[in-house]
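Student:
There are 4 protein chains.
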Amino acid sequence: MTEMGANRYGKESIRLVKVDKRADRHEVRDLVVDVALEGDFATSYTAGDNALVIATDTMKNTVYALAPEHLTDAIEAFGIVLARHFLASPQVATATVTLQEHGWERLEGVSGPAPDAFRRTGGMIRTARVAAGRNGVVVESGVADLVVMKTARSAFAGFPRDRFTTLPEVGDRIMATKATVTWRHSGEVVDWDASYAGVLGTLLEVFADHHSESVQHSIWVIGTAILERRGELEEIRMSMPNLHHWLVDLEPFGGENRGEIFVATVDP
Amino acid sequence: MTEMGANRYGKESIRLVKVDKRADRHEVRDLVVDVALEGDFATSYTAGDNALVIATDTMKNTVYALAPEHLTDAIEAFGIVLARHFLASPQVATATVTLQEHGWERLEGVSGPAPDAFRRTGGMIRTARVAAGRNGVVVESGVADLVVMKTARSAFAGFPRDRFTTLPEVGDRIMATKATVTWRHSGEVVDWDASYAGVLGTLLEVFADHHSESVQHSIWVIGTAILERRGELEEIRMSMPNLHHWLVDLEPFGGENRGEIFVATVDP
Amino acid sequence: MTEMGANRYGKESIRLVKVDKRADRHEVRDLVVDVALEGDFATSYTAGDNALVIATDTMKNTVYALAPEHLTDAIEAFGIVLARHFLASPQVATATVTLQEHGWERLEGVSGPAPDAFRRTGGMIRTARVAAGRNGVVVESGVADLVVMKTARSAFAGFPRDRFTTLPEVGDRIMATKATVTWRHSGEVVDWDASYAGVLGTLLEVFADHHSESVQHSIWVIGTAILERRGELEEIRMSMPNLHHWLVDLEPFGGENRGEIFVATVDP
Amino acid sequence: MTEMGANRYGKESIRLVKVDKRADRHEVRDLVVDVALEGDFATSYTAGDNALVIATDTMKNTVYALAPEHLTDAIEAFGIVLARHFLASPQVATATVTLQEHGWERLEGVSGPAPDAFRRTGGMIRTARVAAGRNGVVVESGVADLVVMKTARSAFAGFPRDRFTTLPEVGDRIMATKATVTWRHSGEVVDWDASYAGVLGTLLEVFADHHSESVQHSIWVIGTAILERRGELEEIRMSMPNLHHWLVDLEPFGGENRGEIFVATVDP
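Residue numbers (my numbering), protein chains in the order written: chain A, 1 to 268; chain B, 1001 to 1268; chain C, 2001 to 2268; chain D, 3001 to 3268.
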């Protein structure tokens, strides 16, 4: 007889923009929200009975409906409200809300900062993931799509060589990566914005200052520094795929490449 | 003191095209291969010591170097060879090779099938994932990016209504989805191509014939039918996100929408 | 004094899916429509006066509102209806409607072709562009995203060599391209579907059969063959960017590449 | 007899990263370059004779080979060198070089700005297009992918209403756009960086300050301000597609939307 395994369903990519219209200026929040539920949905699969299936359209509506009152602070706080809302339905065992926040910066007008005009900053995304279950709430914060580069103090040597190895050992290379980093807090109540700024600042500073023997080494050096400085963190996870930059051989053209001319293998 | 958790690294998106040049005709294989390793790489992180770090460039070379002799059958078989190759390094605990195969179909010339000309078929990707560890090899086969649609015999009703629910109950709607399906075989030796064809054929046939009460219900009906008909499978996992098609209200324009005119909410 | 140059505005990416519900079976049409208008809109720019500015939201509504009655034949015919509709506003000098049609094929059920279940075919897009102006209507038909490959009978040699040239001359290479082709008809009334099938069939057949000295040469051979066979065409335009496939050097690994193993430089 | 029309060919997406390694700090340049040639290439089409066909691979090599000496200033200057280089081949009638520059900003280390570490800024791309022909060189500068938003002082009313119009007139809406702007200079010798900064600064300032009656109106107000302040420009072209933000109806949920909660219709 066929058994059902774990299952989850939900709504992805709910696009929410909130303009907080204060007396003297507006503030813009630009979010992408995903909602996923796990729980007792077996009869919806096996019997086509939807009595316990919260519609994904209702999930979307809920995000918009709760935004005026509850999207007033960090995305972590909004995520906690949303996840607890969905957990209130008894058939839900775990409600996971994932949030991305895209940045906008205020434009300058002739007479100073514009109260109501912005440009998208690009360059990285702030993220949060809130999982509410019967045993409590787990909050992870993070940053994604953060592209950084070291043009010196990065090496890669001493790796094993077999018959398929052609990569030369290098003491000086470009290291570039699009980093995705998430961290878990030890308590539920945190000054999310301060913690985010502290983690990001440490990440960028240590990335700038350290000498890298490999991407793995960089991950360790950066990760341990963050954990040491930010006592509110319990765990950090880092994904830093190498964006390879290869030296171009200019000798066929009568030139010399003094470590200056690279072909990037990934589109910007 | 900081402890290291699980870690993995590898090379993604290795693009391999092989042309098998037979006497009477060519055959084309078009693959994207990812390699990921887990194992004893702690000192590369903590001490910047790369003595055990197989370079990702070597991974890429290995895929190309082993293709002439070993990419002669299904991608599952090539993946097994690759995964076992990497597992032969003692520091590797698990080698995971993920493969996507893109389809090409032979063109017709004036005097029959062309021996050497093809067009990409698009429409879906065949996938495989091979994880080789000290306890053996686990092979999953799959299909991805398979977009299917039912224009009748699809309902969604009886779901719970709360104050944020606006979705009407419908007995007749479009159900469209981009399906990603993977399945695990009970043994290591399988006629991969026959199994793939059998699973895909059942999936499409049951999708075409069944009456759907929800996406969840469709997943169950299709999944149980596949497990019943394909005894070589132990497990199947299905992801079928709804590609919503909403009825357009034509009444403001003096028209009537007899279930014919839809706005698709996702780009093709 | 500042002068205004040419200007146009419009609505892009209107997603229309029409299900033609016949007694015995359904038919699916899946379109992306763009509308662009040129004409006497100067005061909307210089004075902020919108009295003549047809809202882009109205353009979108119009596409949906006219679809039940007028999307019954080829996209060229629907485009002509739409373009003429917008041209009926006297401030419009030229109305250009661009249409893409994505293919779906009928699924097979246990007892034959399903009346109401489909899969997206992928692999190419049928296109049309209708420009209606005071002097008449110009219709272009086309095909886009058609990826084809020749694994033999393709050379590239005899090109000029300067100090920056390193490419070897080759008598046998892979030629692959993502073709975009558009053609203009000599009259307004055409059997669009037959013409499209004829042009596409000739394109694929000649691509399969010809010997290519370069992409330019292929364009000429294919283009002239189409114009010769399809008397209803006045002009054809072809864009065939090279999707490079480079031979992998296997010698460092003790292997030999007999024209079989390639790295594709573009993702599928 | 078939006649050949206009034709062009070239190489797209040449990825060049240059690290200028100065004594005290590095500077990073991150470019995507396209090269396109028009000229006397007829025999390559009609006779498969490549004697005049500069290989696209040679174009790519040329960009890398000339970068050490010539990519030392603005992309416009590098583009002029490249375009003139290709024009030196007598069969070339026009050589067009298009350049995109992606921004990187210096990171801060513990003891100040890092000499060798950077992050990608995102948020916009600086562009240039140089067309060199027998009658001289035309340089266009520009900015692309600049996403800006006004949360007040933006209206859209007074537009014509027909039977397909449902859009309400609004005196207060979000206007957001992804702007692509290019401008042509009156002379060949320009302080490119100063001109770019001046145009961009004016664009953002006027966008922030002006009251918009429509996107068209905004284009005119911004464009005329730029032409007035930047005497070195002869012409400016602006593309500002509306990124729609629709008010969410919160009434079904017992809420009220005081112009605060929007659904964005385009992904960030």
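Note that the Cβ used here is the ideal one computed from N, Cα and C, for glycine as well.
Predicted model, so just to flag it, every value in this text is computed and none were measured.
(1) Have a look at B:Leu1066, B:Asp1162, B:Arg1129, B:Ile1174 and flag the residue whose alpha-carbon is nearest the alpha-carbon of Arg2119 of chain C.
(2) From Phe1078 of chain B to Tyr1064 of chain B, what distance separates their C-alpha atoms?
(3) Could you please tell me which residues of the region 161–176 of chain A, in chain order, have their CB closer than 8 Å to any CB of chain C?
(4) Grouping DSSP H, G and I as helix and E and B as strand, with all else coil, what is Gln1100 of chain B?
(5) Suppose only complete runs of 4+ residues qualify. What are the alpha helix (DSSP H) ranges in the region 1195–1253 of chain B, listed by chain order?
(6) Consult DSSP for Pro3115 of chain D and reduce its assignment to one of helix, strand or coil.
(7) Would you tell me roughly how many angstroms separate the C-alpha atoms of Val2035 of chain C and Glu3027 of chain D, rounded to the nearest one?
(8) Is Asp249 of chain A buried or exposed, if buried means 16 or more other CB atoms sit within 10 Å of its CB?
(9) When the cut-off is 8 Å and only beta carbons count, does Asp61 of chain A lie next to chain D?
(10) CA-CA distance, Ile2261 of chain C and Leu1016 of chain B?
(11) On the DSSP bridge list, what partners appear for Ile125 of chain A?
(12) Say whether chain A places a C-beta atom closer than 8 Å to the C-beta of His1245 of chain B.
(13) What first and last residue would you give for the alpha helix (DSSP H) that runs through Ser2044 of chain C?
(14) Taking a Cβ distance cut-off of 8 Å, strictly less, list which residues of the region 1229–1255 of chain B are near chain D, in chain order.
(15) Can the beta-carbon of Gly3109 of chain D be found closer than 8 Å to that of Asp209 of chain A?
(16) Please compile the residues from chain A whose C-beta is within a distance smaller than 7 Å of the C-beta of Ser1044 of chain B.
(17) Residues of chain A with CB closer than 9 Å to the CB of Asp3073 of chain D, please, in chain order.
(18) Between A:Pro115, A:Gly103, A:Ala88, which has its C-alpha nearest Asp24 of chain A's C-alpha?
(19) Could you check the C-alpha separation between Ala6 of chain A and Ser1013 of chain B for me, to the nearest Å?
(20) Looking only at its chain, what residues have a beta carbon closer than 8 Å to the beta carbon of Thr43 of chain A, apart from the 5 residues adjacent to it on each side?
(21) Taking DSSP as the reference, what is the three-state secondary structure of Ile3014 of chain D?
(22) Hey, is the region 1118–1136 of chain B in contact with the region 1094–1101 of chain B, meaning 3+ C-beta pairs nearer than 8 Å?
(23) What are the boundary residues of the beta strand (DSSP E) that Gly39 of chain A is part of?
(24) Expressed to the nearest angstrom, what Euclidean distance is found between the alpha-carbon atoms of Glu2213 of chain C and Gly1198 of chain B?
(25) Using C-beta distances below 6 Å, list every residue in its chain close to Glu3140 of chain D, excluding the 5 sequence neighbours before and after it, in chain order.
(26) Applying a beta-carbon distance threshold of less than 8 Å, which residues of chain B neighbour Asp49 of chain A?
(27) In the DSSP assignment, what residue or residues form a beta bridge with Tyr1064 of chain B?
(28) Is the beta carbon of Val3032 of chain D less than 8 Å from the beta carbon of Gln3100 of chain D?
(29) By Cβ distance below 6 Å, which residues in the same chain neighbour Arg1237 of chain B in space, the five residues on each side in sequence not counted?
(30) Starting from the C-beta of Val3215 of chain D, find all residues in its chain whose C-beta is less than 6 Å away, skip the five residues before and the five after it, and write them out in chain order.
(31) Looking only at its own chain, which residues have a Cβ that is under 8 Å from the Cβ of Trp1246 of chain B, when we skip the five neighbours before and after it?
(32) Taking 7 Å as the limit between beta carbons, can you name the residues of its chain near Trp3104 of chain D, skipping five residues before and five after?
(33) Does any residue of chain E bring its CB to less than 8 Å from the CB of Lys2150 of chain C?
(34) Starting from Val2181 of chain C, follow the beta strand (DSSP E) in both directions and report where the run begins and ends.
(35) So what does DSSP say about Arg1084 of chain B, is it helix, strand or coil?
Tutor: Per the coordinate set shown:
(1) B:Ile1174
(2) 11 Å
(3) Arg163, Phe164, Thr166
(4) strand
(5) 1215–1229
(6) strand
(7) 44 Å
(8) exposed
(9) At residue 61 of chain A the sequence reads Asn, which differs from the Asp that was named. So yes, Asn61 of chain A belongs to the interface.
(10) 7 Å
(11) A:His102, A:Ala144
(12) no
(13) 2042–2046
(14) Flagged, chain order: Pro1252, Phe1253, Gly1254.
(15) yes
(16) Ser214, Gln216, His217
(17) Those within 9 Å of Asp3073 of chain D in chain A number zero; the least Cβ separation is about 15 Å.
(18) Nearest Cα to Asp24 of chain A within the set A:Pro115, A:Gly103, A:Ala88: A:Pro115.
(19) 29 Å
(20) Asp49, Ala51, Leu52
(21) strand
(22) Touching, per the Cβ criterion.
(23) 26–39
(24) 43 Å
(25) Arg3129, Thr3182, Arg3184
(26) Gly1158, Glu1213
(27) None; Tyr1064 of chain B has no bridge partner.
(28) Yes, the Cβ-Cβ distance between Val3032 of chain D and Gln3100 of chain D is below 8 Å.
(29) Thr1182
(30) Met3240, Asn3242
(31) Within the same chain, Trp1246 of chain B has close Cβ partners Phe1262, Val1263, Thr1265.
(32) Val3028, Asp3030, Phe3118, Arg3119, Arg3120, Thr3121
(33) Although the question refers to chain E, the structure presented lacks it and instead comprises the protein chains A, B, C and D.
(34) 2175–2185
(35) helix
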